[in-house]
Structures are given as C-alpha cells and as structure tokens.
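Residue numbers for the sequence shown follow numbering that gives the first Met the number 0, so the first one is 0 and each next one is one higher.
Even glycine gets a Cβ: it sits at the ideal position worked out from N, Cα and C.
Given the structure is predicted, the values throughout are model-derived calculations rather than measurements.
Everything below concerns the one structure shown next.
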Amino acid sequence: MSENLFHNPHLKFDGKVPSGKVSWQSPSNIALVKYWGKKEVQIPCNPSLSFTLSESKTQTLLEYKPSDEAKNSVQFFLEGEEKPSFAEKIKIWFDLLEPLFPFIKQLDFTIHSKNSFPHSAGIASSASGMSALALCLCSMEKKHFGFSGSDDDFLKKASYVARLGSGSAARSLFGGVVSWGEIENLPGTSNLWGSAQTANIHPDFLSFHDSIIIVDAAQKKVSSRIGHGLMNSNPFAATRFKQAKSNILELITAMKRGDMDKFINITESEALTLHAMMMTSNPYYLLLKPNTLNIIERVFEYRKQTGTPLAFTLDAGPNIHLLYPDAVKSDVHKFIDSELKQFAFQSMVIQDRVGKGPEKLSI
Ligand code: PMV
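As structure tokens, then:
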C-alpha cells in the first residue's frame, strides 16, 4: 500500500478562500499489545491492539480563515490558555500533511482544545488530541471539496492523518477493540491506519472497565519519541517485534473465545515487556515507581486469593490501568478503595471504560 494513497493536489481553493469552524470529540486509548519502535514516517515495527476509552477524551474546535500573505499560522489554546509549544508541534504535523490537504497552506488556524481528564493527572493527550484534530481536517475536506468514499473510508483517512501526528492516535478513530499495523492473515490491517477489530469479540470484553490509578502525575522524563528511537539499537528488539506479532494474534483469538486467563496473561506480559525494553535500551531508563510495583504485587495477590479476572497494564509511565469486566466492578472498586488508593498520588483514580469512538460536535 502506497504512502501516497491520500495525496491529492486538487484539495486547494480556487478563488475565494473560506472561513469556518469544525469540532470533534475523540477518545484516548489504552494499548493491550504495545507499539514500541518505529520506522519513518510513523510506521510501526510491530502491530498493536487497544481498547478505545470512553471518558478520557479531547474536544477540539478548529477555526480557519484565509491566511494573510500565506503566513499559514497556527495558534493553539488548551483549556483557554495559549500554548505556543503545542502550536509548533502542530505546525510540523501540518507541514507533513500538505500533500494530503494542500488547502492547509491557504489558511490560518486557531485551535481550542480541552481534555476531560485532569491536567494534573499526567495522562498523555496525544492520541485523543491528534485524532480529534485529524477528524476536523477530514471534515473540512468533506465540507468544501466533498468526500466520495464511505463513512469507513472517512475514518480510515482520519486514522492515516492522525498516525502522522502520533502513532497511537491512529487507533482512537474507532470504538471497542482496535488494531494498527499489518497483521498476518488479517485482511484490512495496515501499517498506515488503524482498523476496528470489535467484530466477534466476546461481549465480556466490550463491557470492560479501566480504572487508571495515578501513581505519579509528573511529566515523564523520556519522551515516547526518544523511547521509540532507542529500540533501533536495543539488542532484544527483533525478538520483541516477533513476540508482539504472535501476541496480537493470540490475544484476538482469546478475546473472541472469551478466554479471560489468556487475556490477563498476554496483557500483563505486554506491559512488563514494554518497560523491560526501556530498561534494556542504551541509555537505559526506568519509568516505574515503587508504588507501581506495590500495586502490581497487590493485584497478583488479590487475583490469587479471589480468582477475580483483573489485569493491569501500563503506558510509557508509572500509572496503572486496571482492566476488568463489568460483572466484577463493585468487587474491584472495593479492592481499589481498601488496598490500592494508598499508593495513588493524591488518591487519584480515573474511572473509564471501553468506549464507542469519536463524535462530531455541533457548533
Ligand atoms: O503514540 P506514541 O508515539 O506516543 O507511542 C505510544 C506508545 C505506548 O503508549 C507506550 C504504547 C501504545 O501502543 O500506545
């Protein structure tokens, strides 16, 4: 599949350049099989799989007007506060998008973004933020130039656009269970966009909750960009990429069968492998905190004592995501309150669950 697939020199205004606004809300996602390691430009070294979340999301309003002297400026406001550093990153992404949307160069943009999760939680907003903005750009194309494809084609293109901003954002365009990256024997999967994998997944998994225990709210010291880059020289990288490819097939099969034990086994192994890759990079680094390990040990013990189907996973940081089916929600909440909250930063726990994907907002 060609990287030029969505390039379109015709998406350029002839004559009067319009003003307007468009708004989308898009969710964050939590990876079960982790994307860690990439090639240029945002091509993953292995396929990944995630749950789309419901409550952790970004609302974005994109305003555009004809650019004065082709200045093509971008202003970015997060919760009403101007963030020039974010605007810079978006400008770099927009430059990359020019062959897809040549109209970008004819406009000035003001972006207003707000996240549903507390700013202080240290949760990355790139997946929800980039996917919301990608949808705004695709809606602009549809409004001003028309879009002849289906709704699925629209989301595929938005996923492709989001991927160029942040890899994991490619998975936030669809609800339920989503993959990104070419998977052997799974037609429709691609390194260029995410694909919904919810069909035939056992309903128990679609009712899953994600309680996010905030262990440390500080911004992480090593960015994902640097972390991905360090995989180029990690001595275990090739084995890791191979493992992820087999894990994703096994996990999808387990989730179709309703095999909870297998789900827990692969999900937790993936979380620990992600951090093992950080510890075995050079320079090596460690994002886990003592309280991350305290929580993991309690989860192991609780599961041994009660048999409750409860898995943990980790992002590129110290915070714990606890994943469990709706049927055990009240038991798990009691366990969190009595045993885990003591390890959370300011007792902070964000309650989320598997969600349905993005939504266009009326303005
Ligand atoms: O999308 P990025 O470049 O921020 O990388 C995300 C990497 C992980 O969150 C650690 C794993 C994943 O697949 O989401």
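Please confirm whether any heavy atom of the ligand PMV lies closer than 6 Å to the CB of S178.
-> no
From the DSSP output, read off the bridge partner residues of H208.
-> Beta-bridge pairing links H208 to Y323 and R352.
Unbroken alpha helix (DSSP H) runs of length 4 or more, entirely within the stretch 35-83: which are they?
-> none
R224 and G193 closer than 7 Å at C-beta = no
Separation of V177 from E183, as counted between CA atoms | 15 Å
Residues that DSSP places opposite S178 in a beta bridge = L48 and S194
Would you check whether the ligand PMV has a heavy atom nearer than 6 Å to the C-beta of Y159?
-> no
May I ask whether a heavy atom of the ligand PMV can be found less than 6 Å away from the beta carbon of Y323?
-> No, the beta carbon of Y323 sits no closer than 6 Å to any heavy atom of the ligand PMV.
Return the bridge partner residues of V32 from the DSSP annotation.
-> Under the DSSP definition of a beta bridge, V32 partners with L48.
Output the boundary residues of the alpha helix (DSSP H) element that contains L271.
-> M259 to M278
Cβ of N290 within 7 Å of Cβ of I213?
-> no
Please report how far the alpha carbon of E358 lies from the alpha carbon of Q58, in whole angstroms.
-> Those two C-alpha atoms are separated by around 9 Å.
Is there contact here, the stretch 10-26 with the stretch 219-236, by at least three beta-carbon pairs under 8 Å?
-> Contact between the stretch 10-26 and the stretch 219-236 is absent, because fewer than three Cβ pairs lie under 8 Å.
Closer than 8 Å by C-beta to D330: which residues in its own chain qualify, once you throw out the five before and the five after it? Chain order, please.
-> Hits under 8 Å: T305 and T307.
Beta-carbon gap between K11 and P83 smaller than 7 Å = no
Supposed close pair I211, G175 - CB separation, criterion 8 Å | With 8 Å as the limit, I211 and G175 do not qualify as a contact, their Cβ atoms being about 19 Å apart.
Roughly how many angstroms lie between the CA atoms of F334 and Q341, to the nearest whole one?
-> 11 Å
Exposure label - E87; buried when at least 16 CB within 10 Å | Result: exposed.
Given R352 as reference, the closest of I251, V73, I103 and Y323 once Cα atoms are compared | Y323
With distances taken from CA atoms, which of K261, Q345, G187 and S27 is nearest A168?
-> When each option's Cα is compared against that of A168, the closest is S27.
The stretch 104-122 touching the stretch 42-49, judged by at least three CB pairs closer than 8 Å = no
Report the partner residues of T312 according to the DSSP bridge assignment.
-> H320
Pick out whichever of V32, N233 and E62 has its Cα sitting closest to the Cα of L136.
-> E62
Using CA coordinates, which residue listed in A123, A133 and A195 is at the minimum distance from V221?
-> A123
Looking only at DSSP bridge pairs, what is G19 linked to?
-> Y63
Excluding the 5 residues preceding and the 5 following S49 in the sequence, name in chain order all residues of the same chain whose CB lies nearer than 7 Å to its CB.
-> A distance below 7 Å between beta-carbons, with the five flanking residues on each side excluded, links S49 to the following residues of its chain, in chain order: N28, I29, A30, L31, R170 and V177.
For L172, the nearest candidate out of D151, N7 and L273 (CA to CA) | D151
Residues in its own chain within less than 6 Å of S206 by CB, not counting five upstream and five downstream?
-> P324 and D325
Return yes when at least one heavy atom of the ligand PMV lies under 6 Å from the C-beta of D314, else no.
-> yes
Taking the C-alpha atoms as reference points, what is the distance between F85 and G79?
-> A direct Cα-to-Cα measurement between F85 and G79 gives close to 13 Å.
When the cut-off is 7 Å and only beta carbons count, does F75 lie next to chain D?
-> Reference to chain D is not applicable here, since this structure consists of a single protein chain.
Would you say the stretch 269-289 touches the stretch 230-250, given that touching needs at least three Cβ pairs under 8 Å?
-> With a cut-off of 8 Å, the stretch 230-250 and the stretch 269-289 count as touching, because enough Cβ pairs lie within range.
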